[in-house]
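If you're matching positions, the sequence shown starts at 69 in the numbering used here and goes up one per residue.
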Amino acid sequence: MSDDATWGERYADSLMNTFGPPKLTLVRGSGAHVWDADGTEYVDLLGGIAVNALGHGHPALVEAVTSQLSTLGHVSNFFATEPQIRLAEKLLTLLDAGTGKVFFTNSGAEANEAAFKLTRRTGRTHVVAAAGGFHGRTMGALALTSKEAYRAPFEPLPGDVTFVPYGDADALAAAVTDETAAILLEPMQGEAGVVVPPEGYLAAARAVADEHGALLWLDEVQTGVGRTGAWFAHAASGVRPDIVTLAKGLAGGFPIGACIGVGEAGDLLEPGNHGTTFGGNPVACAAALAVIRTIEDDGLLEHVTVLGQKLRDGLAADPRVTEVRGEGLLIGLDLVDEVSAEVTAAAMRHGFIVNNPTPHRIRLAPPLVLTQDDADAFLAAWPVILDEVMGS
69 MSDDATWGER
79 YADSLMNTFG
89 PPKLTLVRGS
99 GAHVWDADGT
109 EYVDLLGGIA
119 VNALGHGHPA
129 LVEAVTSQLS
139 TLGHVSNFFA
149 TEPQIRLAEK
159 LLTLLDAGTG
169 KVFFTNSGAE
179 ANEAAFKLTR
189 RTGRTHVVAA
199 AGGFHGRTMG
209 ALALTSKEAY
219 RAPFEPLPGD
229 VTFVPYGDAD
239 ALAAAVTDET
249 AAILLEPMQG
259 EAGVVVPPEG
269 YLAAARAVAD
279 EHGALLWLDE
289 VQTGVGRTGA
299 WFAHAASGVR
309 PDIVTLAKGL
319 AGGFPIGACI
329 GVGEAGDLLE
339 PGNHGTTFGG
349 NPVACAAALA
359 VIRTIEDDGL
369 LEHVTVLGQK
379 LRDGLAADPR
389 VTEVRGEGLL
399 IGLDLVDEVS
409 AEVTAAAMRH
419 GFIVNNPTPH
429 RIRLAPPLVL
439 TQDDADAFLA
449 AWPVILDEVM
459 GS
């Protein structure tokens with residue numbers, strides 16, 4: 069391919085067609101702003117799908133990665149490193165788990181794979197998961213994801229998984245038996261368009277799990293690490309899970325994931341049961357520690373709570389929006405018509421990156437450092453964006 073070819077053409081000629089044509093070729097970022105190869109600036113309201121917690125180029129993250137890489141970049145898991153140990157201790161403290169153990173991975177799907185294997189160590193195989201849930205694209209994680217379009221090309225998948233309607237406590241209770249190893253739920257379903265369960269749902273899941281001796285596994289890959297204005301989205305429920313999986317925003321864009329076993333669940337995986345080459349890498353763990361420290365030092369949980377409420381209120385004020393859901397800076401909304409793809413394209417023309425997870429839903433998951441000015445600019449542009457697609 070010649071140097072005169074466009075980046076899009078070069079992408080199509082060299083990368084597998086797993087994502088379709090890229091919307092943009094991005095070349096740099098700063099805070100919640102990114103620039104494409106043509107020099108056009110955008111406010112990034114997707115944040116790498118809830119990954120870029122501190123936005124782009126944050127000095128705390130740059131310093132942590134640079135410093136760690138200059139001293140110790142990688143060791144195998146025959147050895148321990150200080151960042152790995154400190155991060156595990158910090159996560160257990162934030163989770164208020166009492167006792168527990170952490171297994172580090174490189175992604176959310178890998179964290180869920182580790183958790184899936186952990187549930188098998190109970191001696192049971194049955195898992196109850198929710199329709200609309202998303203847990204990853206690897207074979208085990210895919211077996212726990214209900215969407216038929218994702219599953220069908222790769223079946224048969226690891227079996228013994230039952231899907232029930234999300235938020236329906238009665239359906240959950242009916243599906244769980246004394247042969248169930250685990251109940252797997254997201255505190256809010258992100259991929260489905262930020263679906264929030266009824267109050268008391270997680271508590272009901274905890275009660276059902278206890279009744280049958282099953283583990284309660286909460287996938288906080290998208291909702292964790294301050295995204296909803298709390299360290300964990302399930303915290304307000306008062307529920308103590310047995311397993312929590314994390315990734316996305318944990319290291320602010322540096323690949324990492326974590327499977328946390330709470331209490332006795334932390335001891336289910338033993339030497340030889342599981343492994344990883346890069347999981348727990350000291351650079352990734354240093355990045356995660358920097359993200360957590362910055363969220364604490366800069367008061368970002370409060371910032372996320374206040375700014376998220378302002379965004380939700382502003383978006384809901386337009387009559388072409390039928391519902392707004394979420395907490396903090398994980399926001400989903402429903403449009404009166406199935407035009408989310410057109411709205412996403414119009415938003416990009418106006419300089420804002422948003423996501424359309426379903427034909428009538430828009431999702432926002434911007435950096436936790438999104439400024440008041442950027443939020444105001446988006447709310448001012450929002451009616452104009454909808455006018456362009458739906459008319460006034």
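By construction, the Cβ of each residue, glycine as well, lies at the ideal position given by its N, Cα and C atoms.
For a test of the three-state rule: what should DSSP assign to K169, helix, strand or coil?
Note: K169 maps to strand in three-state DSSP.
When the Cα atoms are used, what is the spatial distance from G459 to V232?
Cα-Cα distance, rounded: 38 angstroms.
Decide if P256 is buried, meaning its Cβ has at least 16 other Cβ atoms within 10 Å, or exposed.
Correcting the residue identity first, residue 256 is Met in this sequence and not Pro. Buried, by the Cβ-count rule.
In this structure, how does DSSP classify S460 when only helix, strand and coil are distinguished?
Reduced to three states, the DSSP call for S460 is coil.
Tell me where the beta strand (DSSP E) around A237 begins and ends.
Not the beta strand (DSSP E): A237 falls in the alpha helix (DSSP H), residues 237-243.
Could you please give the first and the last residue of the uninterrupted beta strand (DSSP E) stretch that includes S98?
Per DSSP, S98 belongs to the beta strand (DSSP E) from 94-98.
Please report the distance separating the alpha-carbon of P350 from that of G141.
Taking the straight line from one Cα to the other gives about 6 angstroms.
Going by beta carbon distance, what residues of the same chain come within less than 8 angstroms of T448, once the five residues before and after it are set aside?
The sequence given here places Ala at residue 448; Thr does not occur at that position. Nothing listed; no residue qualifies.
Which value, in whole angstroms, describes the spacing of the CA atoms of A100 and K215?
Cα to Cα, the separation comes out at about 31 angstroms.
State the start and end residues of the unbroken alpha helix (DSSP H) segment that holds G382.
Start and end: 368-384.
Specify whether the stretch 357-368 and the stretch 126-134 touch according to this definition: at least 3 beta carbon pairs, one from each stretch, less than 8 angstroms apart.
Cβ pair count under 8 angstroms is three or more, so yes.
I believe L383 touches L401 by the beta-carbon criterion, under 8 angstroms. Please report the beta-carbon distance rounded to the nearest angstrom.
Sure, about 6 angstroms apart at Cβ, within 8 angstroms.
Hey, would you say L252 sits closer than 7 angstroms to S305, going by beta carbons?
Against a cut-off of 7 angstroms, the Cβ pair of S305 and L252 comes out as no contact.
Please state whether DSSP places A148 in a helix, a strand or coil.
Note: A148 maps to coil in three-state DSSP.
Let me confirm a value: V263 is counted as buried when at least 16 other C-beta atoms fall within 10 Å, else exposed. Which label applies?
Looking at its Cβ environment, which holds 16 or more other Cβ atoms inside 10 Å, V263 is buried.
Nearest CA to the CA of V437: which residue from D405, C327, G320, D104?
For V437, the nearest C-alpha among the options comes from G320.
Cβ atoms of G168 and I399: under 7 angstroms apart, would you say?
No, they are not a contact pair.
What residue ranges within the stretch 171-213 form continuous beta strand (DSSP E) runs of no fewer than 3 residues, ordered along the chain?
The stretch 171-213 contains these whole beta strand (DSSP E) runs: 194-198.
Just to confirm the assignment, what range does the beta strand (DSSP E) spanning I311 have?
Looking at the DSSP string, the run of the beta strand (DSSP E) that includes I311 is 311-314.
Taking a contact to mean a Cβ-Cβ separation below 7 angstroms, would you say R429 touches S408 in this structure?
Yes.
Which term fits D461, buried or exposed, when burial requires 16 or more other beta carbons within 10 angstroms of its beta carbon?
No information on residue 461 is available, as it lies outside the stretch 69 to 460 that the chain covers here.
Per DSSP, I399 forms a beta bridge with which residues?
I399 pairs with G394, L432.
With a threshold of 6 angstroms on Cβ separation, who are the neighbours of I421 within its own chain once the five nearest residues in sequence on each side are excluded?
Result list for I421: Y110, D112, L113, L114, in chain order.
Assuming contact is defined by CB atoms lying nearer than 7 angstroms, are E178 and G88 in contact in what I supplied?
Cβ atoms of E178 and G88: not closer than 7 angstroms.
Rounded to whole angstroms, what is the Cα-Cα separation between P451 and A414?
Computed Cα separation, rounded: 11 angstroms.
Looking at C-beta atoms only, is the number of pairs between the stretch 150-167 and the stretch 178-192 that lie closer than 8 angstroms three or more?
The answer is no - the stretch 178-192 does not touch the stretch 150-167, with fewer than three Cβ pairs under 8 angstroms.
Could you name the residues of the same chain whose beta carbon sits closer than 8 angstroms to that of T362, not counting the 5 residues immediately before and after it, in chain order?
Result list for T362: L122, H126, A128, L129, L368, in chain order.
Beta carbon of G343, beta carbon of V372: below 7 angstroms?
No, these two residues do not count as a Cβ contact at 7 angstroms.
Give the DSSP-derived three-state secondary structure of E223 in the structure shown.
Coil, per DSSP.
For P90, count neighbouring C-beta atoms within 10 Å of its own C-beta (all shown protein chains included) and say buried if the count is 16 or more, exposed if not.
Exposed: under 16 other Cβ atoms inside 10 Å.
Helix, strand or coil for L155? Go by DSSP, reduced to three states.
In this structure, L155 counts as helix in the three-state DSSP scheme.
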